[in-house]
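Colleague:
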């Protein structure tokens, strides 16, 4: 019976190139980002009337882009390791945590210099920002989770967290192009909250969807 | 050394298989079967020993379907071990939460109570008080509590032979006293 299985599997053998896992993850990320870019243009620009590059030219735009991109890259560093059956990696998550602390610290200092102005924290879009960031991360998240389903994560939960981190970072990055807010504290609180929601979503879905 | 040669041989087969060599792949899978079958069998309880073959097949299937997660620069045996371990843990979890006896078929709880046994146990303790304390303890541990002679002997810091002799003599003297001198 087992011999029969071995014959079947051997007949079904296709070559697998080195680094296939990493390439699959990158391809899934790129596909998700493409959907997010198109979706964000259709939804944020055409439907909600948010102009592309609303905060261009302000240094805060580049801060937001750097902040969100960092999370995406940290997630990409963690994902291939956590997609393996004996994969363990901690530093990307530790670094992400440090980054959040750093942003909140800088944000609080900036906010203090503004005399705790409500505008600095709430901007004009605080109530929709986290939800829209989760929404922009969703295509990346689903595309990544789908790709990870054919891998063998030691912990499906942690693999889901890594997928969530990638989706959070790149989703928020796309959102930053349509966001006109310029407050450091705004970014530290509401961007982080939106990304945290994406990460939590990835963790919960991964826990069930990535079992093998 | 043994482990190293196994690792090198299996890794070479795996890399060849990843490059599309079906012959190497077949050899790899049948070698893995040889290692996996006893590995699972040892870890399963006797009641589930028949699941070893299923687990071997599930592991081979996982190796096949998830072989892109093998990193050629890392040890193959560690990767395979992680997969087999995952399948084993999965199996244990799956079966641990599945009740084996249906409620309707289960034996009734209020059919027999423990008081008769309790009386027996009191009698045993009274009788054992008639032999030396250590002999009594040895008899209780080996005959009533299910310890092996070696375990009981180790617990009392004596050799296995000495324990056997003590148990035999103790039982004999009890027999002489309570069973009317039967041999």
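Protein chains in written order, with our numbering: chain A, 15 to 226; chain B, 4 to 186. For every residue, glycine included, the Cβ atom is placed at its ideal position computed from N, Cα and C.
Could you work out which residue in A:86, A:198, A:205 and A:47 is closest to residue 143 (chain A) when comparing CA atoms only?
Modeller: Along the first chain, one-based indexing puts residue 143 (chain A) at 129. Checked all of A:86, A:198, A:205 and A:47; the closest Cα to residue 143 (chain A) is A:205.
Colleague: If contact means a Cβ-Cβ distance below 9 angstroms, which residues of the segment 69-102 of chain A contact chain B?
Modeller: Listed by position, the residues of the segment 69-102 of chain A near chain B (Cβ gap below 9 angstroms) are 94, 97, 98, 99, 100 and 101.
Colleague: Which residue marks the beginning of the alpha helix (DSSP H) containing residue 160 (chain B), and which one marks its end?
Modeller: Counting from one through the second chain, the residue named residue 160 (chain B) turns up at place 157. Segment: none, residue 160 (chain B) is in no alpha helix (DSSP H) and carries neither H nor E.
Colleague: Measuring only the C-alpha atoms, how far is residue 96 (chain A) from residue 90 (chain B)?
Modeller: What you label residue 96 (chain A) is simply residue 82 of the first chain in a count that begins at 1. What you label residue 90 (chain B) is simply residue 87 of the second chain in a count that begins at 1. In a straight line, the C-alpha of residue 96 (chain A) is about 17 angstroms away from that of residue 90 (chain B).
Colleague: Let me know the secondary structure DSSP gives residue 124 (chain A) once reduced to three states.
Modeller: Mapped onto the first chain, residue 124 (chain A) falls at position 110. Here residue 124 (chain A) sits in helix by DSSP.
Colleague: Taking DSSP as the reference, what is the three-state secondary structure of residue 83 (chain A)?
Modeller: Here residue 83 (chain A) corresponds to residue number 69 of the first chain, with the count starting at 1. DSSP places residue 83 (chain A) in helix when its eight states are reduced to three.
Colleague: Buried or exposed: which applies to residue 129 (chain A), given that a residue is buried once 16 or more other Cβ atoms fall within 10 Å of its Cβ?
Modeller: Here residue 129 (chain A) is taken as the residue at index 115 of the first chain, counted from 1. When all chains shown are included, residue 129 (chain A) counts as exposed.
Colleague: Could you tell me the distance, in whole angstroms, from the CA atom of residue 194 (chain A) to the CA atom of residue 58 (chain B)?
Modeller: Along the first chain, one-based indexing puts residue 194 (chain A) at 180. Along the second chain, one-based indexing puts residue 58 (chain B) at 55. Distance between the alpha carbons of residue 194 (chain A) and residue 58 (chain B): 56 angstroms.
Colleague: Taking 8 angstroms as the cut-off, does the segment 94-110 of chain A touch the segment 164-176 of chain A (at least 3 CB pairs, one atom from each stretch)?
Modeller: The segment 164-176 of chain A vs the segment 94-110 of chain A: in contact.
Colleague: Cβ closer than 7 angstroms: which chain A residues qualify as neighbours of residue 82 (chain B)?
Modeller: Indexing the second chain from 1 puts residue 82 (chain B) at position 79. Within 7 angstroms Cβ-Cβ: 99 and 100.
Colleague: How is the alpha helix (DSSP H) around residue 19 (chain A) delimited, first residue to last?
Modeller: Taking the first residue of the first chain as position 1, residue 19 (chain A) is located at position 5. Looking at the DSSP string, the run of the alpha helix (DSSP H) that includes residue 19 (chain A) is 16-25.
Colleague: Applying a beta-carbon distance threshold of less than 8 angstroms, which residues of chain B neighbour residue 20 (chain A)?
Modeller: The count along the first chain starts at 1 and reaches residue 20 (chain A) at position 6. Those are 29, 32, 33, 36 and 63, listed as they occur along chain B.
Colleague: Note down, in chain order, every chain B residue with its Cβ under 7 angstroms from the Cβ of residue 32 (chain A).
Modeller: Locating residue 32 (chain A) in the first chain gives position 18, counting from the first residue. Within 7 angstroms Cβ-Cβ: 75.
Colleague: From the DSSP output, in three-state form, read off residue 200 (chain A) for me.
Modeller: Translated into the one-based positions of the first chain, residue 200 (chain A) becomes position 186. Of the three classes helix, strand and coil, the one that applies to residue 200 (chain A) here is helix, per DSSP.
Colleague: Confirm, please, whether the CB-CB distance from residue 223 (chain A) to residue 163 (chain A) is below 8 angstroms.
Modeller: Position 149 of the first chain, counted from the first residue, corresponds to residue 163 (chain A). Position 209 of the first chain, counted from the first residue, corresponds to residue 223 (chain A). Cβ atoms of residue 163 (chain A) and residue 223 (chain A): closer than 8 angstroms.
Colleague: Assuming residue 83 (chain B) contacts residue 147 (chain B) under a Cβ cut-off of 8 angstroms, what Cβ separation, rounded to an integer in Å, is found between them?
Modeller: The residue given as residue 83 (chain B) occupies position 80 in the second chain. The residue given as residue 147 (chain B) occupies position 144 in the second chain. No, residue 83 (chain B) and residue 147 (chain B) are not in contact; Cβ-Cβ is about 45 angstroms, not under 8 angstroms.
Colleague: Would you decide whether residue 113 (chain B) is buried or exposed? Buried here means 16 or more other CB atoms lie within 10 Å of its CB.
Modeller: As a first step, residue 113 (chain B) is located in the second chain; it is residue number 110 there, counting from the start. Exposed, because fewer than 16 other Cβ atoms sit within 10 Å of the Cβ of residue 113 (chain B).
Colleague: Using a Cβ cut-off of 9 angstroms, pull out every chain A residue sitting near residue 86 (chain B), in sequence order please.
Modeller: In the second chain, counting from the first residue as 1, residue 86 (chain B) sits at position 83. Correct list: 99, 100 and 166.
Colleague: Our contact map puts residue 201 (chain A) next to residue 81 (chain A) with C-beta atoms below 8 angstroms; I'd like the distance itself, whole angstroms only.
Modeller: Against the first chain, residue 201 (chain A) aligns to sequence position 187. Against the first chain, residue 81 (chain A) aligns to sequence position 67. That belief holds up - the Cβ atoms of residue 201 (chain A) and residue 81 (chain A) are roughly 6 angstroms apart, short of 8 angstroms.
Colleague: Which residues of chain A have a Cβ atom closer than 8 angstroms to the Cβ of residue 69 (chain B), listed in chain order?
Modeller: Here residue 69 (chain B) refers to the residue found at position 66 when the second chain is read from its first residue. Ordered by position in chain A, the residues that pass the 8 angstroms Cβ test against residue 69 (chain B) are 99, 164, 165, 166 and 226.
Colleague: I need the straight-line Cα distance from residue 184 (chain A) to residue 39 (chain A), nearest angstrom please.
Modeller: Within the first chain, numbered from 1, the residue matching residue 184 (chain A) stands at position 170. Within the first chain, numbered from 1, the residue matching residue 39 (chain A) stands at position 25. Approximately 14 angstroms, taken between the alpha carbons.
Colleague: Could you confirm whether any beta carbon from chain B is found closer than 8 angstroms to the beta carbon of residue 127 (chain A)?
Modeller: Within the first chain, the letter at position 113 stands for residue 127 (chain A). With 8 angstroms as the cut-off, residue 127 (chain A) does not count as an interface residue toward chain B.
Colleague: Where residue 219 (chain A) and residue 156 (chain B) are concerned, what is the direct C-alpha to C-alpha distance, given to the nearest angstrom?
Modeller: Translated into the one-based positions of the first chain, residue 219 (chain A) becomes position 205. Translated into the one-based positions of the second chain, residue 156 (chain B) becomes position 153. Residue 219 (chain A) and residue 156 (chain B): Cα-Cα distance of roughly 55 angstroms.
Colleague: Only counting the same chain, and skipping five residues up and downstream in sequence, which positions put a Cβ closer than 6 angstroms to that of residue 33 (chain A)?
Modeller: Position 19 of the first chain, counted from the start, is the residue given in the question as residue 33 (chain A). Once the five neighbours on either side are set aside, residue 33 (chain A) has no close Cβ partner at all.
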